[in-house]
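J.: Please see the structure below; I have some questions.
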Amino acid sequence: MTELTAGAKAPGFELAGADGPVRLSDFAGKTLVIYFYPKDDTSGCTKEAQEFSALSGEFAAAGAIVLGVSKDTVASHGKFIAKYDLKVPLGSDPEGSVVEAYGAWVEKSMYGRKYMGIERSTFLIGAEGEIRRIWRKVKVPGHATEVLKAAQGL
Numbered sequence: 019m020t021e022l023t024a025g026a027k028a029p030g031f032e033l034a035g036a037d038g039p040v041r042l043s044d045f046a047g048k049t050l051v052i053y054f055y056p057k058d059d060t061s062g063c064t065k066e067a068q069e070f071s072a073l074s075g076e077f078a079a080a081g082a083i084v085l086g087v088s089k090d091t092v093a094s095h096g097k098f099i100a101k102y103d104l105k106v107p108l109g110s111d112p113e114g115s116v117v118e119a120y121g122a123w124v125e126k127s128m129y130g131r132k133y134m135g136i137e138r139s140t141f142l143i144g145a146e147g148e149i150r151r152i153w154r155k156v157k158v159p160g161h162a163t164e165v166l167k168a169a170q171g172l
């Protein structure tokens, strides 16, 4: 798989969402922020979803839609959204095909053990479906604000 870069066409996708399928084509003509995260209801992922939710009005004002994606089920996403009153939609990618298409499925290491998992990463996709900016190995504090500034700059 080739590494995605800014300026490249965003890979098309179809994810399961709370209200049915979510496709890249649904966002044609709009700015999309798609962020990949490892697991619902874990500390870092919860904080990231809360930060994007807190700024959801500002993203909307900038003409941007935020979509979180993990391999968790739609049911898990529903519980996660309800528990924390999240304001961003979440897409379910149980097979990991979208996670892989965006290069977010990577080898990780914890306590010397290597395993495959989702790398916290974010993609800013322009109205024409082109990748405008990529953040890899995201550190959560302040990330949503940085993405918002980039979206406002489009």
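Each residue of the sequence shown is one higher than the one before, counting from 19 in our numbering. Glycine included, every Cβ here is placed at the ideal spot set by N, Cα and C.
Given a threshold of 16 other Cβ atoms within 10 Å of its Cβ, counted over all protein chains shown, does residue 79 qualify as buried or as exposed?
T.: By the 10 Å Cβ count, residue 79 comes out exposed.
J.: For the structure I just gave you, are there three or more beta carbon pairs, one from the segment 85 to 92 and one from the segment 21 to 36, closer than 8 Å?
T.: The answer is yes - the segment 21 to 36 touches the segment 85 to 92, with three or more Cβ pairs under 8 Å.
J.: State the start and end residues of the unbroken alpha helix (DSSP H) segment that holds residue 166.
T.: Residue 166 -> alpha helix (DSSP H) spans 161 to 170.
J.: Keeping to the same chain, check which residues put their C-beta closer than 6 Å to that of residue 124; ignore five residues upstream and five downstream.
T.: If we look at residue 124 and ignore the five residues flanking it on each side, its Cβ neighbours are 137.
J.: Taking the C-alpha atoms as reference points, what is the distance between residue 96 and residue 21?
T.: For residue 96 and residue 21, the distance between alpha carbons rounds to 32 Å.
J.: Taking buried to mean at least 16 other C-beta atoms within 10 Å of its own C-beta, is residue 24 buried or exposed?
T.: Per the 10 Å Cβ criterion, exposed.
J.: Tell me whether residue 53 is buried or exposed, calling it buried when 16 or more other Cβ atoms sit within 10 Å of its Cβ.
T.: By the 10 Å Cβ count, residue 53 comes out buried.
J.: Which whole-angstrom value describes the C-beta separation of residue 51 and residue 82, a residue pair presumed to lie in contact below a C-beta threshold of 8 Å?
T.: Confirmed, Cβ separation roughly 6 Å.
J.: Do you know how far the Cα of residue 55 is from the Cα of residue 62?
T.: Between residue 62 and residue 55, the C-alpha separation is close to 9 Å.
J.: Let me know if residue 43 comes out buried or exposed under the rule of 16 or more other beta-carbons within 10 Å of its beta-carbon.
T.: Exposed, since its Cβ has fewer than 16 Cβ neighbours within 10 Å.
J.: Is DSSP giving residue 156 helix, strand or coil here?
T.: Here residue 156 sits in coil by DSSP.
J.: Please list the terminal residues of the continuous alpha helix (DSSP H) segment that includes residue 71.
T.: Its alpha helix (DSSP H) spans residues 61 to 72.
J.: Would residue 60 be called buried (16 or more neighbouring beta carbons within 10 Å of its own) or exposed?
T.: Burial call: exposed.
J.: Does DSSP classify residue 113 as helix, strand or coil?
T.: Three-state result, residue 113: coil.
J.: Is residue 35 helix, strand or coil when you go by DSSP?
T.: Here residue 35 sits in strand by DSSP.
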